[in-house]
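First comes the structure, then the notes that go with it.
Number of protein chains: 2
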Amino acid sequence: MSVTAPQGFEAAGVAAGLKSTGAPDVAVVVNRGPSKVGAAVFTGNRAKANPILWSQEAAKDGVVEAIVLNSGGANCFTGAFGFQTSHQTAERAAELLGVSGGDVLICSTGLIGTGDDVFRAKVLDGTERAITALDADGGSDAAHAIMTTDTVAKTSTFQGDGWTIGAMAKGAGMLAPGLATMLVVITTDAMLTAGEADAHLRAATRVSFDRLDSDGCMSTNDQVTLMVSGASGVTPAADAFRAGLVEVCTDLAVQLQGDAEGASHDITIEVVGAASEDDAVEVGRSVARNNLFKAAIFGNDPNWGRVLAAIGTTAAVFDPYAVDVSMNGVRVCSEGGPDRPREEVDLSPRATHLLIDLKAGAASATIFTNDLTHDYVHENSAYSS
Amino acid sequence: MSVTAPQGFEAAGVAAGLKSTGAPDVAVVVNRGPSKVGAAVFTGNRAKANPILWSQEAAKDGVVEAIVLNSGGANCFTGAFGFQTSHQTAERAAELLGVSGGDVLICSTGLIGTGDDVFRAKVLDGTERAITALDADGGSDAAHAIMTTDTVAKTSTFQGDGWTIGAMAKGAGMLAPGLATMLVVITTDAMLTAGEADAHLRAATRVSFDRLDSDGCMSTNDQVTLMVSGASGVTPAADAFRAGLVEVCTDLAVQLQGDAEGASHDITIEVVGAASEDDAVEVGRSVARNNLFKAAIFGNDPNWGRVLAAIGTTAAVFDPYAVDVSMNGVRVCSEGGPDRPREEVDLSPRATHLLIDLKAGAASATIFTNDLTHDYVHENSAYSS
Chain A
230 MSVTAPQGFE AAGVAAGLKS TGAPDVAVVV NRGPSKVGAA VFTGNRAKAN PILWSQEAAK
290 DGVVEAIVLN SGGANCFTGA FGFQTSHQTA ERAAELLGVS GGDVLICSTG LIGTGDDVFR
350 AKVLDGTERA ITALDADGGS DAAHAIMTTD TVAKTSTFQG DGWTIGAMAK GAGMLAPGLA
410 TMLVVITTDA MLTAGEADAH LRAATRVSFD RLDSDGCMST NDQVTLMVSG ASGVTPAADA
470 FRAGLVEVCT DLAVQLQGDA EGASHDITIE VVGAASEDDA VEVGRSVARN NLFKAAIFGN
530 DPNWGRVLAA IGTTAAVFDP YAVDVSMNGV RVCSEGGPDR PREEVDLSPR ATHLLIDLKA
590 GAASATIFTN DLTHDYVHEN SAYSS
Chain B
230 MSVTAPQGFE AAGVAAGLKS TGAPDVAVVV NRGPSKVGAA VFTGNRAKAN PILWSQEAAK
290 DGVVEAIVLN SGGANCFTGA FGFQTSHQTA ERAAELLGVS GGDVLICSTG LIGTGDDVFR
350 AKVLDGTERA ITALDADGGS DAAHAIMTTD TVAKTSTFQG DGWTIGAMAK GAGMLAPGLA
410 TMLVVITTDA MLTAGEADAH LRAATRVSFD RLDSDGCMST NDQVTLMVSG ASGVTPAADA
470 FRAGLVEVCT DLAVQLQGDA EGASHDITIE VVGAASEDDA VEVGRSVARN NLFKAAIFGN
530 DPNWGRVLAA IGTTAAVFDP YAVDVSMNGV RVCSEGGPDR PREEVDLSPR ATHLLIDLKA
590 GAASATIFTN DLTHDYVHEN SAYSS
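Residue numbers (this note's numbering), protein chains in the order written: chain A, 230 to 614; chain B, 230 to 614.
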């Protein structure tokens, strides 16, 4: 059901010729209200794509009527012309929907540096046709139209007490950084103020998408948007809504991890015994970005020395000779030295669990990453993106 | 001629059975004086191997009589037993050489977590036999004995006005971080005080080994040591000596880059127009660590969008819409937008030049890196190290 699972939303996905394959490549999601609350978080990359520059401004007032997303071109580093493309797309959608252009967000994904007049014409045409095709059951079509190297469409829903959350995502990465552009649209018919929507979205992304780190590369186009229709008429308890939102975001983050380009292992890095949550995140992220560790996991090699070497590059509180490391349940390193024989570790399953106990405190965090494989190199060397 | 090019040094390399291939794996370099000045710089990794923990203390007094190096085992995360192995090796060498154990440095490279009693016995035996084999022409043997995945031995010499610098290196990486452990021994018969040796070494490594960043992974065992015999009786001009040392260190750094595991391109990232040298280094390093950019170069794809995306993750002063990017002499990006067609760029040569003009000032820096290849993944997944 995707983004049309909650009441008050319509969506569509159409083929506008941006993808050479002829697959759907323009999606629109519209909030029919009664509330038009919206919140969004954006890539931390300082080199931001034009749709990000547009959407950042458009989202500031907490009102979002609609969002237009395209695959097949990132419209990034395309200069003033590219910004005008995003602007014109928002204005065209607004005109057809009878709303203000400043309340329409834009997302793009695909090759950086593409965004000429042919691109613009196709995006505008696709936007028109998607709006014509809007449907209360259009969530699945929209989820398919935003796919790039994704092998499956990614959607999630959460049923609250009288309210619903729906969502779709593309990509295999995170807000900062990301393997490939991550675009997420989340909808809900719960009743929330703009301030509540913003706070819930930031809190949920911090512990979900922000902890997905496929390859340490930050996209110029990442955007996560929450649209609130209030159509259920139900005001949820804050804790209950946040929990549901975290569940949806984590579900999508794990789906993105599972579809990461070229990966053969989904690695869950659980850091415990940290002096602070920030320390736990820093340690987990450092390991997640260590190419030698990631290549070892691809080779089913429980190389705990590379884990300790990665921890050693952080500023986290730890004593190298106190740390324990376990892989898939086998403690291969105890107090910074060898423990169980590496032969006991079975790394053949795709799901891989790395447990790091820093023995420095009571805080913890989990980072989601992937291994470094031949296919990753192939996908990212043979094709521009 | 390696480390025995200057007067006052003897060296040897022998096979002690640490390498399963039977290749030489223990090297000794001895300073016969008259001066016994030494200086060393060590990995920035907080998880340091036992030979680093030993050598850091031994080098503090500015006196270095000898250095014992082994391949075939990193003696890292091997606990108190491993530290005692480094200590005993220094004491054994000192006893045979008639010097103090505290003036003998130790270097090890190989798999982390290995360093049992068999390892210790082989290292001690190799140390004895290497000292027996010491020779004023032993520099080449020593350079071969420290190789691990290196395909060629790496040596360099510089002839000053009455004085000489000699050097050997293994690995393909840098002080912080490094692809694999980098061990470097530099010798000179110039007359230098301990303070001068330390200052020259830090200055030279800062602009050479510290700017080599093959894959962003920092070793636990990196060490660069300068040994000063003063046997020429010549006190060089400070500028002249530093220039010679920088030349030797840069020569070795480029040799390490050229032999990096699995690489098919040697990428020179020249950052100009930076507001500060620190900014230039940060930008160059960020690009050097970007897997998507590195995979693109492997695929001969001049993907400048990935360069800008990497710059965008830094804190350097820059405007994304001012930056120029050239690859192998073709400006593919001008002021943050497309310039010359990517088809004009020929990335087939191994030597690859990336020029980034930040347009933010007058500072510059050059970072040396490699591409991300199938062979890199293979070498680092199929074998433990």
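Every residue, glycine too, gets a C-beta built ideally from N, C-alpha and C.
Over what stretch of residues does the alpha helix (DSSP H) that includes S515(A) continue unbroken? The count along the first sequence starts at 1 and reaches residue 515(A) at position 286. Element bounds for S515(A): E506 to A517.
Assuming S593(A) is part of the alpha helix (DSSP H), what are its boundary residues? Your numbering for residue 593(A) matches position 364 in the first sequence. Note, S593(A): premise wrong, no alpha helix (DSSP H); beta strand (DSSP E) at A592 to N599.
So which residues of chain A does G566(B) contact, with C-beta pairs closer than 7 Å? On the second sequence, position 337 is the one that residue 566(B) refers to. Near G566(B) (Cβ distances below 7 Å), the residues of chain A are F306, T307 and G308.
Could you please tell me which residues of the stretch 443 to 474 of chain A, in chain order, have their CB closer than 9 Å to any CB of chain B? D444, G445, C446, M447, S448 and T449
How do the stretch 484 to 494 of chain B and the stretch 350 to 369 of chain B stand: do at least 3 beta-carbon pairs fall below 8 Å, yes or no? no
With 16 other Cβ atoms within 10 Å as the buried cut-off, status of Q486(B): The residue labelled residue 486(B) in the question sits at position 257 within the second sequence. By the 10 Å Cβ count, Q486(B) comes out buried.
Contact list for G541(A) against chain B, beta-carbon separation under 8 Å: For the purposes of this step, residue 541(A) is taken as residue 312 along the first sequence, with counting starting at 1. In chain order: N274, R275, A276, K277, M447 and T449.
Within a Cβ cutoff of 8 Å, which residues of the same chain sit near A405(A), ignoring the five residues on either side of it in sequence? Numbered from its first residue, the first sequence carries residue 405(A) at position 176. Its pLDDT being 46, under 50, A405(A) is placed unreliably by the model, and the measurement read from it follows with that caveat. Around A405(A): T272, G273, N274, D439, M447 and D451.
Cβ pair A525(A), R535(A) closer than 8 Å: As a working note, residue 525(A) is residue 296 in the first sequence. As a working note, residue 535(A) is residue 306 in the first sequence. Against a cut-off of 8 Å, the Cβ pair of R535(A) and A525(A) comes out as a contact.
How big is the Cα-Cα spacing for K289(B) and A467(B)? Numbered from 1 along the second sequence, position 60 holds the residue referred to as residue 289(B). Numbered from 1 along the second sequence, position 238 holds the residue referred to as residue 467(B). If I take the Cα positions, the gap works out to 22 Å.
At a CB-CB cut-off below 7 Å, which residues of chain A make contact with L601(B)? Here the question's residue 601(B) lines up with position 372 in the second sequence. The answer, in chain order, is V606.
Selected residue, minimal CA-CA separation from I585(B), among Q317(B), E286(B) and V500(B): Working through the second sequence from its first residue, we reach residue 585(B) at position 356. Ranking the options by Cα distance to I585(B), first place goes to V500(B).
Find the residues of chain B that neighbour I415(A), judging by a C-beta separation of less than 7 Å, and give them in chain order. On the first sequence, residue 415(A) is found 186 positions in, with the first residue counted as 1. Going along chain B, no residue has its Cβ under 7 Å from I415(A), so there is no contact; the nearest lies around 25 Å.
According to DSSP, which residues form a beta bridge with S563(A)? As a working mapping, residue 563(A) is identified with position 334 in the first sequence. Partner(s): G566(A).
Is the stretch 299 to 312 of chain A touching the stretch 561 to 574 of chain B, taking contact as three or more C-beta pairs under 8 Å? yes
Residue burial classification, T314(A) (beta-carbon count within 10 angstroms, cutoff 16): Counting from one through the first sequence, the residue named residue 314(A) turns up at place 85. Buried, because 16 or more other Cβ atoms sit within 10 Å of the Cβ of T314(A).
Tell me the rounded alpha-carbon separation between I281(B) and E511(B). Along the second sequence, read from residue 1 onward, the residue named residue 281(B) stands at position 52. Along the second sequence, read from residue 1 onward, the residue named residue 511(B) stands at position 282. Each residue's Cα considered, the two are about 27 Å apart.
Can you give me the C-alpha to C-alpha distance between A469(B) and T384(B), rounded to a whole angstrom? Against the second sequence, residue 469(B) aligns to sequence position 240. Against the second sequence, residue 384(B) aligns to sequence position 155. Cα to Cα, the separation comes out at about 20 Å.
Where does P185(A) land, buried or exposed, given buried means 16+ other C-beta within 10 angstroms? Residue coverage of chain A in this structure runs from 230 to 614, which leaves residue 185(A) outside it and unanswerable.
Near E239(A), which residues of its chain fall below 7 Å by C-beta distance, leaving aside the five closest residues on each side in sequence? By 1-based counting over the first sequence, the position of residue 239(A) is 10. Only T233, V259, R261, L363, D364, A365 and G367 meet the Cβ criterion.
How many Å lie between R571(B) and T377(B) at the Cα? Here residue 571(B) is taken as the residue at index 342 of the second sequence, counted from 1. Here residue 377(B) is taken as the residue at index 148 of the second sequence, counted from 1. Their backbone Cα atoms lie some 38 Å apart in a straight line.
Taking only three categories from DSSP, how would you classify E499(B)? As a working note, residue 499(B) is residue 270 in the second sequence. E499(B) falls in the strand class under three-state DSSP.
Distance between beta carbons of A503(A) and P587(A), contact taken as under 8 Å: In the first sequence, the residue the question calls residue 587(A) occupies position 358. In the first sequence, the residue the question calls residue 503(A) occupies position 274. With the sequence shown as reference, residue 587(A) is identified as Leu, and Pro is not the correct amino acid for it. That belief holds up - the Cβ atoms of L587(A) and A503(A) are roughly 5 Å apart, short of 8 Å.
Would you call the CB atoms of M411(A) and T464(A) closer than 8 Å? Counting from 1 along the first sequence, the entry for residue 411(A) is found at position 182. Counting from 1 along the first sequence, the entry for residue 464(A) is found at position 235. No, these two residues do not count as a Cβ contact at 8 Å.
Could you name the residues of chain B that A524(A) contacts, counting a contact when the two beta carbons are closer than 7 Å? Position 295 of the first sequence holds residue 524(A). The contacting residues are V606, N609 and S610.
Consult DSSP for K523(A) and reduce its assignment to one of helix, strand or coil. Taking the first residue of the first sequence as 1, we reach residue 523(A) at position 294. Note: K523(A) maps to helix in three-state DSSP.
Output the boundary residues of the beta strand (DSSP E) element that contains D586(B). Here the question's residue 586(B) lines up with position 357 in the second sequence. D586(B) -> beta strand (DSSP E) spans A580 to D586.
Residue ranges of each alpha helix (DSSP H) run of no fewer than 4 residues wholly in the stretch 396 to 454 of chain B, ordered along the chain? 423 to 435
Just the C-alpha distance for G251(A) and G242(A), rounded to the nearest angstrom, thanks. Here residue 251(A) is taken as the residue at index 22 of the first sequence, counted from 1. Here residue 242(A) is taken as the residue at index 13 of the first sequence, counted from 1. Near 13 Å, if we compare the C-alpha coordinates of G242(A) and G251(A).
Taking the continuous alpha helix (DSSP H) assigned at F470(A), which residues delimit it? The residue labelled residue 470(A) in the question sits at position 241 within the first sequence. Here the alpha helix (DSSP H) through F470(A) covers A467 to G487.
Chain A partners of P549(B), CB-CB under 7 Å? In the second sequence, the residue the question calls residue 549(B) occupies position 320. The contacting residues are R275 and A276.
With a cut-off of 8 Å, does the C-beta of N520(B) fall near any C-beta of chain A? Locating residue 520(B) in the second sequence gives position 291, counting from the first residue. For N520(B), the answer is yes, since a Cβ of chain A falls inside 8 Å of its Cβ.
Which same chain residues, not among the five before or five after L311(B), have their C-beta less than 6 Å away from its C-beta? As a working note, residue 311(B) is residue 82 in the second sequence. Note that residue 311(B) is Gly in the sequence shown here, rather than Leu. Excluding positions up to five away in sequence, the list reads N279, N304 and G344.
Minimum Cβ-Cβ distance from A538(A) to chain B less than 8 Å: In the first sequence, counting from the first residue as 1, residue 538(A) sits at position 309. Yes - at least one Cβ of chain B is within 8 Å of the one on A538(A).
Chain A residues whose Cβ lies nearer than 9 Å to that of I341(B): By one-based count along the second sequence, residue 341(B) stands at place 112. Here the neighbours are N532, W533, G534, R535, L537 and A538.
Closest to V257(A) by C-alpha separation, out of A287(A), A319(A), I496(A) and V270(A), would be which residue? Taking the first sequence and counting its residues from 1, one reaches residue 257(A) at position 28. The option with the nearest alpha carbon to V257(A) is A319(A).
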